[in-house]
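First the structure, in the form of structure tokens, and then the observations on it.
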Ligand SMILES: NC(=O)c1ccc[n+]([C@@H]2O[C@H](COP(=O)([O-])OP(=O)(O)OC[C@H]3O[C@@H](n4cnc5c(N)ncnc54)[C@H](OP(=O)(O)O)[C@@H]3O)[C@@H](O)[C@H]2O)c1
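Residue numbers (this note's numbering): 1 to 243.
Okay, structure coming up:
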């Protein structure tokens with residue numbers, strides 16, 4: 001790698017949003033460590049976009065293999081300036097209510113895995129270059145709603161973790177952001193019946209990630225910003241009428 005480049009670690013890098021972020025970070029001159037279970041898919045992606053190994057380094061990472069996270073972090077070719085946690089798993093709420101494994105997997109991917117690896121990142125005393133941690137969370141985590149409260153509650157926990165971590169890291173000048181996204185046209189939502197006028201493209205969300213500023217909560221898209229603010233203020237009796 002070019003030693004002058006800043007480094008970004010993308011966790012769950014085979015996500016459609018993360019792949020767009022890879023392209024944007026590379027265009028900005030970052031050295032990208034793309035970490036995912038989908039190593040083969042990422043290699044094909046790198047080939048398609050002619051991303052050389054000195055620009056994008058692909059690593060195996062499983063968010064739920066908690067006991068491997070320390071070794072994974074120690075083996076990174078360089079310690080990151082920016083870390084993005086993008087791993088996500090969606091199980092339909094009705095199915096998750098009947099299937100503990102599905103519910104537990106959402107908890108593990110969105111919360112336990114994130115806490116496991118991001119604690120290691122944040123508590124590395126040798127990485128004085130760490131500038132920013134960004135988590136991909138969801139509007140589903142803003143209020144408990146009957147149609148998606150299992151996925152939503154795991155994202156809510158993730159958001160609260162990031163909020164506390166932001167306060168904890170403030171004195172070290174490390175910024176923590178949460179991207180609170182609405183509907184994204186990605187592998188995760190393929191086949192779902194969602195309001196087309198509210199769908200956002202992965203590249204649009206990736207722009208919000210890569211251009212994250214100082215504020216904690218980033219809600220990409222004007223419509224979703226409005227929905228986010230209304231949802232936060234809505235009395236519980238009205239939230240209970242929503243799907
Ligand atoms: N799509 C939406 O409408 C939406 C809305 C709000 C927030 N989000 C969040 O945005 C993030 C990106 O999602 P996306 O829309 O880009 O969907 P996506 O393309 O399905 O990406 C999710 C990625 O998470 C990875 N993943 C799942 N379990 C993992 C594990 N144990 N270890 C490592 N990686 C794992 C998957 O890897 P594999 O490819 O290996 O399966 C997949 O690439 C997720 O956190 C998601 O929850 C999505």
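From the three backbone atoms N, C-alpha and C, an ideal C-beta is built for every residue, glycine too.
- The beta carbon of residue 232 sits closer than 8 Å to the beta carbons of 142 and 143 from its chain, once the five residues preceding and following it are set aside; these are given in chain order.
- As for any beta strand (DSSP E) of minimum length 3 sitting wholly inside the stretch 150–184, the runs are 175–181, ordered along the chain.
- For residue 199, there is no enclosing alpha helix (DSSP H), as DSSP marks it with neither H nor E.
- Excluding five sequence positions before and after residue 203, the CB atoms of its chain that fall closer than 7 Å to its own CB belong to 20, given in chain order.
- Looking at the DSSP output, residue 189 sits in no beta bridge, so it has no partner there.
- The DSSP-derived three-state label of residue 36 is strand.
- Residues 32, 51, 55 and 56 of the same chain have their beta carbon placed closer than 7 Å to that of residue 26, with the five preceding and five following residues left out of the count.
- Here the alpha carbons of residue 108 and residue 67 stand approximately 13 Å from one another.
- The count of Cβ pairs closer than 8 Å, one atom from the stretch 165–174 and one from the stretch 74–81, stays below three, leaving the stretches out of contact.
- Short of 6 Å from the beta carbon of residue 239, and not among the five residues preceding or following it, lie these beta carbons of its own chain, in chain order: 143.
- Proximity annotation: ligand 1 has residues 12, 14, 15, 16, 17, 36, 37, 38, 61, 62, 63, 64, 86, 87, 88, 89, 109, 136, 138, 181, 183, 184, 186, 187, 188, 189 and 202 in chain order, each selected because its CB is closer than 6 Å to a heavy atom of the ligand.
- Under DSSP, residue 57 shares a beta bridge with 33.
- Counting C-beta pairs closer than 8 Å gives fewer than three between the stretch 186–197 and the stretch 159–166, which falls short of the contact rule.
- Ranked by how close their Cα comes to the Cα of residue 193, the residues 70, 128, 176 and 92 have 92 in first place.
- Contact check for residue 134 and residue 84: beta-carbon distance about 5 Å, within the 8 Å limit, so the pair qualifies.
- Between residue 106 and residue 49, the C-beta spacing is not below 9 Å.
- Boundaries of the beta strand (DSSP E) around residue 132: 132–138.
- When the alpha-carbon of residue 181 is set against those of 196, 218, 146 and 11, the nearest one is in 218.
- Under the DSSP assignment, residue 8 falls outside any alpha helix (DSSP H), being part of the beta strand (DSSP E) whose first and last residues are 7–11.
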